[in-house]
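Taking numbering that gives the first Met the number 0, the leading residue of the sequence shown gets 0, the next gets one more, and so forth.
C-beta: ideal position from N, C-alpha, C; glycine also.
Since the structure comes first, as structure tokens, the remarks are kept for the end.
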Amino acid sequence: MPQFNFADALPQILWLVVIFSILYLSLTRMLPKVERIVEDRKERIAADLRAAEAARAEAEGASSGGSNAISDARSRSLALTGKARDAAAAATAKKLAAVDADLAAKADAAAQGLAGAKAAAIAELDAVAAEATIDLVARVSGVAVSNDEAATAVKKVAA
0 MPQFNFADAL
10 PQILWLVVIF
20 SILYLSLTRM
30 LPKVERIVED
40 RKERIAADLR
50 AAEAARAEAE
60 GASSGGSNAI
70 SDARSRSLAL
80 TGKARDAAAA
90 ATAKKLAAVD
100 ADLAAKADAA
110 AQGLAGAKAA
120 AIAELDAVAA
130 EATIDLVARV
140 SGVAVSNDEA
150 ATAVKKVAA
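Right, here's the structure in full:
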């Protein structure tokens, strides 16, 4: 094996030193560039994270603002609905009062009409009863009774 050949060791050590020197020099020149790239990348990531956090905070603010607007609109609509309901209830109560008054007037007129019809029917009934009394007295006893006497007798019995 060539690794154990001590006669060739000096050139191998020389080449080892040359190659490691070249590697060392190239790495020392490249390492700052790589470090700079890594630092730039870290800064860009941090800036992106800050921008994302700001966007998230802005979105949360907009969301809460939208929720506030919705709740304000809901409360305004409830207030308007309540006013409209109260106005409709007042208008309905007013119409009901007018209809009740009209129905009460019609009921009073009908009651007066019924009272008049009742009085007329009773008067007619009294007249019919007086005629029937005159007829009955004439048939039973053969006595002729006047219309006034028969009406007086009917009123006495009816009272």
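So for residue i, helix, strand or coil by DSSP?
| i | result |
| --- | --- |
| Val136 | helix |
| Ser145 | coil |
| Met0 | Its pLDDT being 45, under 50, Met0 is placed unreliably by the model, and the measurement read from it follows with that caveat. In this structure, Met0 counts as coil in the three-state DSSP scheme. |
Which residue wins for smallest C-alpha separation from residue i, given the options the options?
| i | options | result |
| --- | --- | --- |
| Asp147 | Ala157, Glu34, Val98, Thr132 | Thr132 |
| Leu124 | Val142, Ala104, Arg138, Lys154 | Lys154 |
| request: Taking only runs that begin and end inside the segment 51 to 99, name each unbroken alpha helix (DSSP H) of 4 or more residues, in chain order. | output: none
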